[in-house]
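Visitor: Positions 1 to 223 (the UniProt record's numbering) are the ones given, in order, by the sequence shown.
Below is one structure. I have some questions about it.
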Amino acid sequence: MEPAIVKILKVEPVTHNVRRFTLERPEGLAFVPGQAADISINTPEMKGEKRPFTFTGLAEWDHLEFTIKIYTDHNGVTNHLGKLKTGDQLIIHDVFGAIRYYGEGVFIAGGAGVTPFIAIFRQLKKEAKLGNNTLIFSNNTEKDIILREEFTQMLGKNFINTLTQEETKSFDHRMIDAAYLKEKLPTFSTYFYLCGPDPMVLALQKTLISLGAESSKVIVEQF
1 MEPAIVKILK VEPVTHNVRR FTLERPEGLA FVPGQAADIS INTPEMKGEK RPFTFTGLAE
61 WDHLEFTIKI YTDHNGVTNH LGKLKTGDQL IIHDVFGAIR YYGEGVFIAG GAGVTPFIAI
121 FRQLKKEAKL GNNTLIFSNN TEKDIILREE FTQMLGKNFI NTLTQEETKS FDHRMIDAAY
181 LKEKLPTFST YFYLCGPDPM VLALQKTLIS LGAESSKVIV EQF
């Protein structure tokens, strides 16, 4: 698609460092839940700085939604995004992404890597097809859990949280490794959807295949 300039309609906090951006929807834009778009800020100094962000709204909505973690520790794109407000403009570039729903399975996310799964689960809920899909979500601390209430409402006991840098009574305090997966999952013959930091995704790909998952059923983003 040709680049499209869109206005920000609303900016809302999701967690202490994650924000929801509601944008105008350009005519003709299409995407599949799980896909992303390259986005830049429409200012002279930033419009050439494209970064990928995942659509978290549904394809039929009349607006776009992106749920974005803001990093303020360096002067990057998300730091600039965190300073934007209603009426500011972004540029939507190409739509892409290999992560999409192929069938019931286990979704494993690290931090902001959960964003491709938001639209997928919302679409499955809309279609009453959540079934036995499971989300295993790893975060540093409890306050980092994105859309905790919504995922709990959608998935119930199939929403499994583990924290790596905080111990609480409510959640596991474990790394997602072979032992953890064998403890939590009854089978490895299903689909697996992975998104998170590259080292985590690469390690989990190898781990899942070693546990019996089919490589063709381990879905990761392709760049």
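Where is the CB? At the ideal position from N, CA and C, for every residue including glycine.
Predicted model, so just to flag it, every value in this text is computed and none were measured.
Can we say the stretch 111-120 touches the stretch 56-73, given the rule of at least three CB pairs closer than 8 angstroms?
Guide: Yes, since at least three Cβ pairs between the stretch 111-120 and the stretch 56-73 fall closer than 8 angstroms, the two stretches touch.
Visitor: Our contact map puts N161 next to F171 with C-beta atoms below 8 angstroms; I'd like the distance itself, whole angstroms only.
Guide: Walking along the sequence shown from the start, residue 161 turns up at place 161. Walking along the sequence shown from the start, residue 171 turns up at place 171. N161 to F171, Cβ: 4 angstroms. Contact.
Visitor: Please work out which residues of its chain come closer than 6 angstroms, Cβ to Cβ, to C195, disregarding the five sequence neighbours upstream and downstream, and give them in chain order.
Guide: The residue given as residue 195 occupies position 195 in the sequence shown. Same-chain partners within the cutoff: A109, G113, P116.
Visitor: At what residues does the alpha helix (DSSP H) containing G178 begin and finish?
Guide: Looking up residue 178 in the sequence shown gives position 178. Residue 178 is actually Ala in this sequence, not Gly. That run of the alpha helix (DSSP H) goes 178-184.
Visitor: Could you tell me whether the Cβ atoms of A37 and V95 are closer together than 8 angstroms?
Guide: Residue mapping note: residue 37 aligns to position 37 of the sequence shown, counting from 1. Residue mapping note: residue 95 aligns to position 95 of the sequence shown, counting from 1. A contact, by the Cβ cut-off of 8 angstroms.
Visitor: Candidates L23, G28, V32: which alpha carbon is nearest I39's?
Guide: Residue numbering aside, residue 39 sits at position 39 when the sequence shown is read from its first letter. It is L23.
Visitor: Is it true that the CB of M1 sits closer than 8 angstroms to the CB of G34?
Guide: Within the sequence shown, numbered from 1, the residue matching residue 34 stands at position 34. Within the sequence shown, numbered from 1, the residue matching residue 1 stands at position 1. No. Outside cutoff.
Visitor: To which residues of the same chain is K217 closer than 6 angstroms at the C-beta, ignoring the five residues directly before and after it?
Guide: Against the sequence shown, residue 217 aligns to sequence position 217. Same-chain partners within the cutoff: Y191.
Visitor: Assuming contact is defined by CB atoms lying nearer than 8 angstroms, are G57 and A119 in contact in what I supplied?
Guide: In the sequence shown, the residue the question calls residue 57 occupies position 57. In the sequence shown, the residue the question calls residue 119 occupies position 119. Contact flag set, yes.
Visitor: Would you list the one or two residues that DSSP bridges to H63?
Guide: On the sequence shown, residue 63 is found 63 positions in, with the first residue counted as 1. H63 is bridged to E24.
Visitor: Look at residue 263 and M154 and say whether their C-beta atoms are less than 8 angstroms apart.
Guide: Residue 263 falls outside the range modelled here, since the chain spans only 1 to 223, and no answer is possible.
Visitor: Along the beta strand (DSSP E) that carries K157, what are the first and last residues, could you check?
Guide: By one-based count along the sequence shown, residue 157 stands at place 157. Taken as a continuous stretch (DSSP letters only), K157 belongs to no beta strand (DSSP E), as it is neither H nor E.
Visitor: Give the straight-line distance between the Cα atoms of T134 and G76, rounded to the nearest whole angstrom.
Guide: Here residue 134 refers to the residue found at position 134 of the sequence shown. Here residue 76 refers to the residue found at position 76 of the sequence shown. Rounded to whole angstroms, T134 to G76 spans 33 angstroms at the Cα level.
Visitor: At the level of alpha carbons, what is the spacing between V11 and I146?
Guide: Position 11 of the sequence shown, counting from 1, holds the residue named residue 11. Position 146 of the sequence shown, counting from 1, holds the residue named residue 146. Cα to Cα, the separation comes out at about 16 angstroms.
Visitor: Excluding sequence positions up to five away, which residues of its chain have a Cβ less than 8 angstroms from the Cβ of N140?
Guide: Taking the sequence shown and counting its residues from 1, one reaches residue 140 at position 140. Closer than 8 angstroms at Cβ, skipping near neighbours: G111, L163, T164, Q165, E166.
Visitor: Quick one: using the 10 Å Cβ neighbour count with 16 as the cut-off for buried, is Q222 buried or exposed?
Guide: If you number the sequence shown from 1, residue 222 lands on position 222. It is exposed - the Cβ of Q222 has fewer than 16 other Cβ atoms within 10 Å.
Visitor: If you draw a straight line from the alpha carbon of E173 to that of D144, how long is it in whole angstroms?
Guide: Position 173 of the sequence shown, counted from the first residue, corresponds to residue 173. Position 144 of the sequence shown, counted from the first residue, corresponds to residue 144. In the sequence as presented, Glu is not what sits at residue 173; that position holds His. So the two alpha carbons sit approximately 14 angstroms from each other.
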